[in-house]
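Participant: Protein sequences appear in the order of chains A, B, C and D. The first sequence lines up with residues 183 to 520 when you count with the numbering used here. The second sequence lines up with residues 183 to 520 when you count with the numbering used here. The third sequence lines up with residues 2 to 329 when you count with the numbering used here. The fourth sequence lines up with residues 2 to 329 when you count with the numbering used here. Even for Gly, the Cβ is constructed at its ideal location relative to N, Cα and C.
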Amino acid sequence: MNPVTSNPEARESAAGKPATEKDRWLHAYRQMVSIRLFEEQVNDLYTRALMPGLAHLYSGEEAVAVGICEALRVDDYITSTHRGHGHCLAKGASPDRMFAELLGKETGYCRGKGGSMHIADPATGNLGANAIVGGSVGIATGAAFAAKNLGNDRVAVCFFGEGALGQGSLYEVMNLAQLWKLPVIYVCENNQYNEYTHFQETTAGTILGRAHAFGIETDIVDGQDVRAVNKIAGGLIKRARSGVGPAFLQCDTYRYSGHHVGDINREYYRSKQEEQAWKSDRDPIKVLGSWLIEQRHSDAASLEEIWYEVRKEMESAVKFAIEAPYPKVEEVDQHVYA
Amino acid sequence: MNPVTSNPEARESAAGKPATEKDRWLHAYRQMVSIRLFEEQVNDLYTRALMPGLAHLYSGEEAVAVGICEALRVDDYITSTHRGHGHCLAKGASPDRMFAELLGKETGYCRGKGGSMHIADPATGNLGANAIVGGSVGIATGAAFAAKNLGNDRVAVCFFGEGALGQGSLYEVMNLAQLWKLPVIYVCENNQYNEYTHFQETTAGTILGRAHAFGIETDIVDGQDVRAVNKIAGGLIKRARSGVGPAFLQCDTYRYSGHHVGDINREYYRSKQEEQAWKSDRDPIKVLGSWLIEQRHSDAASLEEIWYEVRKEMESAVKFAIEAPYPKVEEVDQHVYA
Amino acid sequence: MPERELTFAQAVREALAEEMRRDSRVCILGEDVAEAGTPFKVLSGLVEEFGAKRVVDTPISEAGFTGVAVGAAMTGMRPVVDIMFGDFITLTMDQMVNQAAKVHYMSGGHWKVPMVMRTTLGATRRSAAQHSQSLQAWFSHVPGLKVVLPSTPYDAKGLLKSAIRDENPVVFFEDKMMYKLKGPVPEDDYTIPLGVADVKREGDDITLVATSSMVQVALGAAELLEKEGISTEVVDPRTTWPLDEKTLIDSAKKTSRVIVLDEGYGRYGVTAELAAVIAEGAFYDLDAPVKRMGAMHVPIPFSPPLEDATVPTEQTVLEAARSMCGNQ
Amino acid sequence: MPERELTFAQAVREALAEEMRRDSRVCILGEDVAEAGTPFKVLSGLVEEFGAKRVVDTPISEAGFTGVAVGAAMTGMRPVVDIMFGDFITLTMDQMVNQAAKVHYMSGGHWKVPMVMRTTLGATRRSAAQHSQSLQAWFSHVPGLKVVLPSTPYDAKGLLKSAIRDENPVVFFEDKMMYKLKGPVPEDDYTIPLGVADVKREGDDITLVATSSMVQVALGAAELLEKEGISTEVVDPRTTWPLDEKTLIDSAKKTSRVIVLDEGYGRYGVTAELAAVIAEGAFYDLDAPVKRMGAMHVPIPFSPPLEDATVPTEQTVLEAARSMCGNQ
Ligand SMILES: Cc1ncc(C[n+]2csc(CCOP(=O)(O)OP(=O)(O)O)c2C)c(N)n1
Ligand SMILES: Cc1ncc(C[n+]2csc(CCOP(=O)(O)OP(=O)(O)O)c2C)c(N)n1
Ligand SMILES: [Mg+2]
Ligand SMILES: [Mg+2]
């Protein structure tokens, strides 16, 4: 069920071996569908009142996480955000243990102690999602510091929303990363909104200028085009791995749902038309699907089949999670100290 | 003894009335000499073990504080730093009450509670020196916020060393200032060193790029040339006062002494030659003095006379402070709450 | 005429609206405070009445806008900053502690910082370790700050108005779980002074000293104890600083048994100070050691059964009180 | 052979040097830690031995490099960060409290954060309100962190080595005024476990529980008390978390009179927890309420006579102890 272990192409590509063009993009397609359908289930769990608390859905932004993680090795690091399910899945986490975590179950990635906003997984280099906006910029930079100092050639990717541009610590660590030429990529997922406010109301100047100020390599990409993301990210990651230094990548994207699953009436901050336009014109899965068909790497029926398979997989993963036991209450004070 | 009240030219210029070119620059000259000789006394108090604790001298950087404060009104605001004596004097504080503060005396600006690093003076718009690097960037920006909201046309100047570029809060507030078009000028006093480390070892990219990223108006000036500083600052202040928004001014300068009065052996981080070169070639008082003589606004003897007068003034101010009483111990828990 | 009832959130909003009408220098700064009215909807409607110049949406820059509030307060405004989750005060500590709290003192009494920070506390919302903390102990530790912990809609309105009118930086903690709690709130312009405890229920056998969210827990436990014949007094300090030591000590002397309750972590938390004050002040009258109940010394877990175990409940308070009164 | 003596600063440096030799993953991050060896010169010579890759000068970015240390610790390093003045921990609270302290728990035990933050505490250096605080109470309040407060060169070396070898984030507070204090320090590779209090002096009539800077004050007061015929026990918890409650309570039971001393602000501070623990644990043995002595509840003033009044001294401790023992 774990895409990393169940999918040979992914393993090979993660290990740096070239897979065929076709296999690579079919895998990326499946990964994006996984995220989309994972989030569908999350919303469903919420509306059925089966999930404790809230969750922030990644639907619409799949090409960013997948485009980037497909360019990473399994031992490379990522840090993620409150909107983190996509990053976790793209880096290789299993839906079953993720759902279990979202329901607070013992078989969850964090034994239920973390929940939606804190999924972490050493096996896939996932240092953890973070519920503090900008909270993980230091952690990702520190992982790059360790990689450099320990002399392994790992790279760290720091995912964050454009809202994190408001946090001063980002500027502190970008300065450090550039001074020390650390292998870290700052990926700004500009989904246009910080909660209920358009980013232009909170962001003076430009996004790229924020990194450029430190002499950091910057780039911008259409975050709905997984191939474009992957290509640019691939270059920046290679550059970082070779020791040249950090990079900052702005990915323009859009979240289809509300800020969190409970944010239903949102017309006071954005219109239904706007949402509809992104969904119909720029959906990352459609964009890649059309290309796969155009290139004759696939056809409508085969793609449909992927949706079907993934949906089944998600259903059984949810079932696993629902049936899983809660941790024993005695566990509450375990893992406070190592 | 207070330059603002004792010097009619200063009052007029502060009130926006044009004083003659000659009077303006003679006043600036006197102000710079005041700072230089104030600091001479501070060092002397330290070596004579009459001053509690340490102090950070401003000698060498006089043209920055004076150039800028001469372009401000008395009701404009400033915030200052651990290296703040120059800012206080330039904004109009009296040496006697400043020395008293440095000695922890009741007649000091803060009744002895603040000391060298916390001098504040509502009468001259001095919101206070700050011993946290970058600690006052929010305060200055907030004063500009209040000025804008209360509809008075005051401007706030935030002085900070280039070391404060390491503090994330600077970036947070520059973003706010530009979004809200606040009348605040960020003055980066680049004296080349953060304590015992050259700024190039701590500063990736460029200094101006840090403000430019937010779309803020930026400029750079030779911080040893008081007339240049004054001219550029005047333009930025006028612009801010008119509501166009904030600005960032980099002033390149040099501190003649150690990081603080106790930093005597400093050849491990900078050479005596470097220090000597700044002192002999780029001394701000010499630079202005030469110009005054060249322009026949003054002559060597008259300038000498200014040094003599100011020295007398400083001596009597020190005497005042030494003779002043300490606050009563019962005062210790006063002013905790207003 | 029946007393008017408001929710806790409405009471907070009414206090803000009244103070903003009364004093044009009062303004609000925070993330999504305007159209969105905050994620908790506490501020809904304010931007419509007072406009975007006084109800100001900020970027996600807690340190930055808190610092701006400090400077604005020094120069004529009376800002109220909104820190969505109490966990984010971590980002504002320098501005609150090294700046706001010290400006008046360091300037020898010359500058003042009349600002309010409104923030939240409380677990059990399944929000996990970074959105569930109750960090009031930190600010209570800092001279120059005042700290308010309202426990009813009535107190919320009266205390918030006092906080806004205070000449000092005041931190106002609101329990997220209490926003929907209803209670009587007069329409008048009343204030409640900072530093005066409130006896929320009188009793003779045992005193429960409780703050914020724990007041309702204590009142619930008191009801249950009543049925067992134990008469319980519930004392709410309302502000941890200034602290009304006398009311706490007097109650302890009267009942001779005390449990102190606060939702912050139990270790080095608010309960430690309250217990120490009572143990000292009522030393010769206590029949048993003061018992402290706070959050378990663990990061708050997400998983519901675990999270529920971290916080005192009516049941655990009942048991503690029962055993203290020897009715086990 | 006479025992070797080192200053407190030398003991800290020796612990770091030994651990850096032993384990190549140990590195130091901070402002002016390399050539300058910090403003207090505590680290002099380390960069010469270990190079600039392991003794790393940073920009003035406390939040940033603390965050980097968290990430580096998770991924194989054992960083020691240097926060020059304890007052600047305000800037690191999010990284220490929301990240470092919680990573292990939130990840269900998967990630670990073996890092040390070294910082300072203590007033009376005429450094005023923003350079004189002793904020150990804040970190002690946070589950997931350990907090060490060494009071002698011997303890400094042994405790710092344990802190560096610990798998958790540990905050290590050094008293600035103690850096020049000399004491015996073995050359061996010894460690002192975290969570074990030390009886620094035995006595029968009264217990002084003291931390860090206050241990020397307590020992000085004990000498004076001895002359008045009062036999004083001095107990040093050495770590506020984990806390060795038993040793504290046992001493309290033995002497039945206790004063607790800590240089942090007295209100909601370390003394509150220690007093509460003792008042509870030794309730039936105490002859008098536990007395607390900490910094006065004011921002630390610059003026020498005022500053001196804010901190407990041998004289004020002597008077308090005397009056507690009825020898007034
Ligand atoms: C420091 C901090 N401040 C505020 C919040 C509350 N909050 C959670 S998500 C969010 C908006 C984040 O926007 P963005 O970074 O663009 O990410 P997105 O939700 O769009 O993915 C806010 C303000 C937080 N979690 N952390
Ligand atoms: C937040 C913070 N970190 C560290 C310090 C210690 N410190 C005092 S001055 C200084 C260097 C400041 O350099 P710069 O800003 O360039 O000012 P300069 O001393 O050169 O005028 C440092 C690191 C401090 N006061 N505040
Ligand atoms: Mg966004
Ligand atoms: Mg400098």
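Quick one: residues with CB closer than 7 Å to any heavy atom of ligand 4, in chain order, please.
Facilitator: This criterion selects GLY343/B, GLU344/B, GLY345/B, GLU371/B, ASN372/B, ASN373/B, GLN374/B, TYR375/B, ASN376/B, PHE381/B.
Participant: Restricting to Cα atoms, I'd like to know which of LEU285/A, ALA313/A, PRO509/A, THR400/A is closest to GLY345/A.
Facilitator: Cα-wise, what sits closest to GLY345/A is ALA313/A.
Participant: In angstroms with no decimal places, state the Cα-to-Cα distance between LYS147/C and TRP139/C.
Facilitator: Rounded to the nearest angstrom, the two C-alpha atoms are 11 Å apart.
Participant: Taking only beta-carbon positions, decide if PHE327/B is within less than 8 Å of chain C.
Facilitator: So, interface residue.
Participant: Between the C-alpha atoms of ALA157/C and MET179/C, what's the straight-line distance to the nearest angstrom?
Facilitator: ALA157/C and MET179/C: Cα-Cα distance of roughly 11 Å.
Participant: Determine, for TYR291/A, whether the minimum Cβ-Cβ distance to residues of chain D falls below 8 Å.
Facilitator: It does; some Cβ of chain D falls within 8 Å.
Participant: Across which residues does DSSP place LYS147/C in a beta bridge pair?
Facilitator: Looking at the DSSP assignment, LYS147/C forms a beta bridge with VAL171/C.
Participant: Does the pairing of the stretch 361-381 of chain B with the stretch 408-427 of chain B give three or more beta-carbon distances under 8 Å?
Facilitator: Contact holds: three or more Cβ-Cβ distances are below 8 Å.
Participant: Looking only at DSSP bridge pairs, what is TRP242/C linked to?
Facilitator: For TRP242/C, which the question treats as bridged, DSSP gives the partners VAL148/C.
Participant: Out of curiosity, what's the CA-to-CA distance linking LEU275/D and LEU249/D?
Facilitator: One C-alpha to the other measures close to 8 Å.
Participant: I'd like to confirm something about ILE90/D: is its beta-carbon nearer than 7 Å to some heavy atom of ligand 2, or not?
Facilitator: Result no, Cβ not under 7 Å from ligand 2.
Participant: In three-state terms, what does DSSP make of ARG193/A?
Facilitator: A caution first: ARG193/A carries a pLDDT of 43, below 50, which makes its placement in the model too unreliable to give a value.
Participant: Buried or exposed: THR240/C, going by 16 or more other Cβ atoms within 10 Å of its Cβ?
Facilitator: THR240/C comes out buried.
Participant: Taking the alpha-carbon positions, what's the PHE9/D to THR153/D distance?
Facilitator: Roughly 7 Å between the two C-alpha positions.
Participant: Mark SER213/C as exposed unless 16 or more other C-beta atoms lie within 10 angstroms of its C-beta, in which case mark it buried.
Facilitator: Burial call: buried.
Participant: Are the Cβ atoms of VAL511/B and VAL246/B separated by less than 8 Å?
Facilitator: It is not a contact, given that the beta carbons lie outside the stated cut-off.
Participant: Out of curiosity, what's the CA-to-CA distance linking ALA208/A and VAL215/A?
Facilitator: In the sequence on display, residue 208/A carries Leu and not Ala. Cα to Cα, the separation comes out at about 11 Å.
Participant: Taking a contact to mean a Cβ-Cβ separation below 8 Å, would you say ASP251/D touches ILE231/D in this structure?
Facilitator: No. Outside cutoff.
Participant: Along the stretch 312-325 of chain B, where does the CB come closer than 7 Å to a CB of chain D? Name the residues.
Facilitator: Per Cβ criterion, the list reads ALA313, ILE314, VAL315.
Participant: Does ligand 1 have a heavy atom nearer than 7 Å to the CB of VAL315/A?
Facilitator: Yes; taking the cut-off as 7 Å, the Cβ of VAL315/A has a heavy atom of ligand 1 nearer than that.
Participant: Quick one: using the 10 Å Cβ neighbour count with 16 as the cut-off for buried, is GLU4/C buried or exposed?
Facilitator: Under this definition GLU4/C is an exposed residue.
Participant: May I have the straight-line CA-CA distance separating ILE475/A from ASP481/A, to the nearest angstrom?
Facilitator: Going by the C-alpha atoms only, they are around 5 Å apart.
Participant: Helix or strand or just coil, what does DSSP make of ASN308/A?
Facilitator: The answer is strand: DSSP assigns ASN308/A an E or B state.
Participant: Report buried or exposed for SER195/A, applying the criterion of at least 16 other Cβ atoms within 10 angstroms of its Cβ.
Facilitator: Reliability fails at SER195/A, whose pLDDT of 46 lies under 50, so the model's placement of it is uncertain and the value that follows must be treated cautiously. It is buried - the Cβ of SER195/A has at least 16 other Cβ atoms within 10 Å.
Participant: Classify ILE29/C as helix, strand or coil using the three-state DSSP reduction.
Facilitator: DSSP places ILE29/C in strand when its eight states are reduced to three.
Participant: In this structure, what does DSSP give as the bridge partners for ALA211/C?
Facilitator: For ALA211/C, which the question treats as bridged, DSSP gives the partners LEU262/C.
Participant: Can you check DSSP and say which residues form a bridge with PRO80/C?
Facilitator: PRO80/C is bridged to CYS28/C.
Participant: Among LEU219/B, ALA275/B, HIS441/B, TYR490/B, which residue has its Cα nearest to the Cα of GLN343/B?
Facilitator: For the record, residue 343/B in the displayed sequence is Gly; it is not Gln. Selected option, being the one with the closest Cα: HIS441/B.
Participant: Less than 6 Å between C-beta atoms, sequence neighbours within five positions excluded: which residues of the same chain meet that for VAL200/D?
Facilitator: Answer for VAL200/D: VAL236, listed in chain order.
Participant: Mind checking ASN331/A: buried by the 16 CB within 10 Å criterion, or exposed?
Facilitator: Counting Cβ neighbours within 10 Å, ASN331/A comes out buried, since at least 16 surround it.
Participant: Report, in whole angstroms, the separation of the C-beta atoms of GLU221/B and HIS267/B, which I expect to be a contact under 8 Å.
Facilitator: So it is a contact: roughly 6 Å between Cβ atoms.
Participant: Sorry if obvious, but does the Cβ on HIS394/A come closer than 7 Å to a heavy atom of ligand 2?
Facilitator: Not under cutoff, so the answer is no.
Participant: Please list, in chain order, the chain C residues whose beta carbon lies closer than 7 Å to that of ARG293/D.
Facilitator: Those are ALA277, listed as they occur along chain C.
Participant: Who does ARG119/D pair with in a DSSP beta bridge?
Facilitator: ARG119/D pairs with ASP83/D, PHE173/D.
Participant: Does the beta-carbon of GLU63/C, which I'm using as the reference point, lie nearer than 7 Å to any heavy atom of ligand 1?
Facilitator: For ligand 1, at least one heavy atom lies less than 7 Å from the Cβ of GLU63/C.
Participant: Heavy atom of ligand 1 less than 7 Å from the Cβ of HIS132/D, yes or no?
Facilitator: No, since every heavy atom of ligand 1 falls outside the 7 Å radius drawn around the Cβ of HIS132/D.
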